[in-house]
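Chemist: Sharing a structure below in structure tokens format, with a few things to ask.
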Amino acid sequence: MQQRFAFGVNIGSGGSSGEEILSLAEQAETLGYDSFWTGDHIAFHTPILDSLTLLAMVAARTRRLIVGTAVYLLPLRHPTVAAKITASLDYLSGGRFIFGVGVGGENPKEFEACGVPVRERGRRTDEGIEIVKKLWTESHVTYQGKYFQFSDVTLEPKP
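Pasting the structure below:
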């Protein structure tokens, strides 16, 4: 059995212009890299762009690179909104999006700014992952959790 290794680029966006990021993505694709990743924060100790907006820009300029979050702080967002945005990104990129999620917590101030107690981040992430998966794969989703509740929601298009 032949094993294939994949190589990617993980960038921090702080201080980079859109053109610099696009140039790096184009170079990565030309050099044969397989993927392009970026981290995610709402507020951080260095400037950081919104991860999904950055990846949408990169996906629009490249043809082959997989784009992904490493990692997206799901507990800071409503999972229904995150499911819609990420499904759209995957659809528009031709299925080239990977959604890596995490709990975060190294910057409690961003949790405070989003109205999310940092101590709830794990349980909110668990619920969020469950909701995102359901909305990506099912129609007429109803969910009654500790943090999120809704009924009869269908997101289209699916990723």
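Here this note's numbering runs 672 ahead of the position in the sequence shown, where the first position is 1.
Beta carbons: idealized from backbone N, C-alpha and C, even for Gly.
Please report the Cβ distance between K781 and T809, rounded to the nearest whole angstrom; I am assuming they are in contact, meaning their Cβ atoms lie under 8 Å.
Modeler: With 8 Å as the limit, K781 and T809 do not qualify as a contact, their Cβ atoms being about 35 Å apart.
Chemist: For the beta strand (DSSP E) containing Y815, name the first residue and the last one.
Modeler: Taken as a continuous stretch (DSSP letters only), the beta strand (DSSP E) holding Y815 covers 813-816.
Chemist: What are the partner residues of Y744, as DSSP defines its beta bridges?
Modeler: According to DSSP, which records beta bridges pairwise, Y744 is partnered with V773.
Chemist: Can you name, in chain order, every residue of its own chain whose Cβ lies under 6 Å from the Cβ of V681, other than the five neighbours on each side?
Modeler: The residues are A700, Y705, F708.
Chemist: Within the same chain, show all residues whose beta-carbon is closer than 7 Å to that of R796, passing over the 5 residues directly before and after it, in chain order.
Modeler: Answer for R796: P747, V788, Y819, listed in chain order.
Chemist: Using alpha carbons as the reference points, say which of L721, M673, L737 lies closest to A697.
Modeler: Looking at the Cα atoms, L737 is the closest of the given residues.
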